[in-house]
Amino acid sequence: MASNRLKMSLLPALQAILDTGSVTRAADQMHVTQSTMSRTLSQLREALNDPILVREGNHIFLSEKARQVQPLVSKLMADSETLFENQNFDPATSEHHFRIGSSSVVLDHFLIQALIELKQIAPGISCSVSLPDEGTIYSMESGELDLGVIVAFPETTENLCKEVINSASFNVLMRKGHPMSGRETLDLTEMDQFPFVVTQAVIAASPYINQLREQYAFLRNPWLKLPSTEAALKAIQSNDAFTIVTNVEYLALDLFEDYVLLPILSDSPPLSFELVWPEHWQFNQAHQWMRGFLLSKFQEFFKASEKL
Numbered sequence: 022m023a024s025n026r027l028k029m030s031l032l033p034a035l036q037a038i039l040d041t042g043s044v045t046r047a048a049d050q051m052h053v054t055q056s057t058m059s060r061t062l063s064q065l066r067e068a069l070n071d072p073i074l075v076r077e078g079n080h081i082f083l084s085e086k087a088r089q090v091q092p093l094v095s096k097l098m099a100d101s102e103t104l105f106e107n108q109n110f111d112p113a114t115s116e117h118h119f120r121i122g123s124s125s126v127v128l129d130h131f132l133i134q135a136l137i138e139l140k141q142i143a144p145g146i147s148c149s150v151s152l153p154d155e156g157t158i159y160s161m162e163s164g165e166l167d168l169g170v171i172v173a174f175p176e177t178t179e180n181l182c183k184e185v186i187n188s189a190s191f192n193v194l195m196r197k198g199h200p201m202s203g204r205e206t207l208d209l210t211e212m213d214q215f216p217f218v219v220t221q222a223v224i225a226a227s228p229y230i231n232q233l234r235e236q237y238a239f240l241r242n243p244w245l246k247l248p249s250t251e252a253a254l255k256a257i258q259s260n261d262a263f264t265i266v267t268n269v270e271y272l273a274l275d276l277f278e279d280y281v282l283l284p285i286l287s288d289s290p291p292l293s294f295e296l297v298w299p300e301h302w303q304f305n306q307a308h309q310w311m312r313g314f315l316l317s318k319f320q321e322f323f324k325a326s327e328k329l
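With my numbering applied, the sequence shown corresponds to residues 22 to 329, in that order.
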């Protein structure tokens, strides 16, 4: 029994190691020294009969067993937090920390303002925001992230709880005055005479864009590959180049005056702008309150945009 109690006491440290993949970062997260976390890792390795962290060349990765147990550990920690937090949750006094995944456009133009307003009514709640990559969905399914604010295909997030904020779609974006800007819809075959600008953010988030690039040869060799939508806007603002964005980015960046957004004729799968989270946070009151707060802020923005 004492041995089991010891193992249970190691769960917070185990979660920190699984979430960060690093002894140093786990120690920082737990506010302990690196040597203390190293000793804890040794105890965990003995308890789980597994190395947990493995080195390959110059990189350190979670072991296969560690990746398998990560969702269970996250659920256990969330359940224990929910048990105590639900008894006396008050946003004005809560010290809950949220780990959020969000694109740079959503962060800069939606989320950051909501988090600033959050500080006024829940000063003890803190957040860390990370930009999405190919592993973001797994990071939420495993519990490494608590919330995601993302544009996604419905099937991509089918293993997560979700609230749809707004519908979304892929569109061609060009400057006003572009030779094609007067069209109501657009077939990409008509665009092969114009330079294409692609952003890494879109490629990372969308297999559909990659599918289009396979279908249309000229998309495979873009004029520019850029790291952000904002950089792409500067690239297309004074010439006949175009890029592909979602309507969510168009609204967030307030591009009405200078740019034209045209639907793509090629079959585009349904997209949603979603708030998503792991199932183990479903009934946590702090999490429920935060979701409701963010959802109301996003809905306010879209209602205001519809009036423009």
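Note that the Cβ used here is the ideal one computed from N, Cα and C, for glycine as well.
Computed from a prediction, not measured in an experiment: that's the story for all the values here.
Spell out the partners DSSP gives residue i in its beta bridges.
{"i": "Glu295", "result": "Ile171 and Val185"}
{"i": "Thr220", "result": "Leu247"}
{"i": "Leu194", "result": "Thr264 and Leu282"}
{"i": "Leu74", "result": "Leu83"}
{"i": "Ser147", "result": "His118"}
{"i": "Leu207", "result": "Ile285"}
Taking residue i as the reference, give the member of the options with the closest Cα.
{"i": "Met195", "options": "Phe322, Arg241 and Thr267", "result": "Thr267"}
{"i": "Arg88", "options": "Pro72, Asp275 and Glu205", "result": "Pro72"}
{"i": "Thr250", "options": "Ser95, Val94, Leu128 and Thr54", "result": "Leu128"}
{"i": "Ser124", "options": "Ala273, Asp213 and Ile265", "result": "Ala273"}
{"i": "Leu292", "options": "Glu278, Arg76, Val269 and Lys318", "result": "Val269"}
{"i": "Val126", "options": "Ala325, Arg312 and Leu276", "result": "Leu276"}
{"i": "Pro284", "options": "Phe131, Ala307, Val193 and Ser43", "result": "Val193"}
{"i": "Leu83", "options": "Ala37, Arg60, Val53 and Ala189", "result": "Ala37"}
{"i": "His80", "options": "Leu104, Val44, Val53 and Ala48", "result": "Val44"}
{"i": "Leu320", "options": "Asn187, Lys246, Asp288 and Ser287", "result": "The amino acid at residue 320 is misidentified as Leu; the sequence shows Gln. The shortest Cα separation from Gln320 among Asn187, Lys246, Asp288 and Ser287 belongs to Asn187."}
{"i": "Phe131", "options": "Thr114, Gly169 and Glu102", "result": "Gly169"}
{"i": "Leu152", "options": "Glu138, Arg120 and Leu247", "result": "Arg120"}
{"i": "Gln236", "options": "Met201, His199, Asp288 and Thr264", "result": "Asp288"}
{"i": "Gly122", "options": "Glu162, Lys197 and Phe217", "result": "Glu162"}
{"i": "Glu102", "options": "Phe304, Lys324 and Arg76", "result": "Phe304"}
{"i": "Gln258", "options": "Gln306, Lys197, Leu315 and Leu247", "result": "Lys197"}
{"i": "Pro290", "options": "Tyr229, Asp154, Lys246 and Pro248", "result": "Tyr229"}
{"i": "Ile137", "options": "Leu315, Gly156 and Thr57", "result": "Leu315"}
{"i": "Leu104", "options": "Ala325, Gln306 and Ser59", "result": "Gln306"}
{"i": "Ile158", "options": "Thr220, Pro92 and Gly203", "result": "Pro92"}
Could you give the residue range of the beta strand (DSSP E) that holds residue i?
{"i": "Arg120", "result": "His118 to Ser123"}
The alpha helix (DSSP H) that contains residue i, what's its start and end?
{"i": "Tyr271", "result": "Asn268 to Ala273"}
{"i": "Leu83", "result": "Leu83 -> not in any alpha helix (DSSP H); beta strand (DSSP E) instead, spanning His80 to Leu83."}
{"i": "Ser56", "result": "Gln55 to Leu69"}
{"i": "Glu165", "result": "No alpha helix (DSSP H) holds Glu165; DSSP gives it neither H nor E."}
{"i": "Phe239", "result": "Ala238 to Arg241"}
{"i": "Asp40", "result": "Leu32 to Thr41"}
{"i": "Ala47", "result": "Val44 to Met51"}
{"i": "Glu138", "result": "Ile133 to Ile142"}
Report back the beta-carbon spacing between residue i and residue j to the nearest angstrom; my notes put them in contact at under 8 Å.
{"i": "Pro112", "j": "Trp244", "result": "Contact flag wrong, Cβ pair sits at about 48 Å."}
{"i": "His118", "j": "Ser147", "result": "5 Å"}
{"i": "Gly42", "j": "Leu74", "result": "7 Å"}
{"i": "Ala135", "j": "Lys318", "result": "4 Å"}
{"i": "Arg312", "j": "Glu116", "result": "Contact doesn't hold; Cβ gap of about 18 Å is too wide."}
{"i": "Phe294", "j": "Ala189", "result": "5 Å"}
{"i": "Ala253", "j": "Val218", "result": "5 Å"}
{"i": "Asp49", "j": "Glu165", "result": "The pair is not a contact, with the Cβ atoms about 16 Å apart (cut-off 8 Å)."}
{"i": "His308", "j": "Asp167", "result": "7 Å"}
{"i": "Phe215", "j": "Asp261", "result": "5 Å"}
{"i": "Ile265", "j": "Phe191", "result": "6 Å"}
Any beta carbon from chain C within less than 7 Å of residue i's own beta carbon?
{"i": "Thr157", "result": "Looking at the structure shown, chain C is missing, and only one protein chain is on hand."}
How about the segment 137 to 144 and the segment 172 to 188: do they share at least three Cβ pairs that are nearer than 8 Å?
-> no
Could you tell me whether the segment 68 to 75 touches the segment 108 to 116, where touching means 3 or more Cβ pairs closer than 8 Å?
-> no
Three or more beta-carbon pairs under 8 Å between the segment 297 to 304 and the segment 178 to 190, yes or no?
-> yes
If we count Cβ pairs, one from each stretch, closer than 8 Å, do we get three or more for the segment 207 to 216 versus the segment 228 to 244?
-> Contact holds: three or more Cβ-Cβ distances are below 8 Å.
Touching by the beta-carbon criterion (3+ pairs, under 8 Å), the segment 32 to 42 and the segment 87 to 102 | The segment 87 to 102 and the segment 32 to 42 touch, with three or more beta-carbon pairs separated by less than 8 Å.
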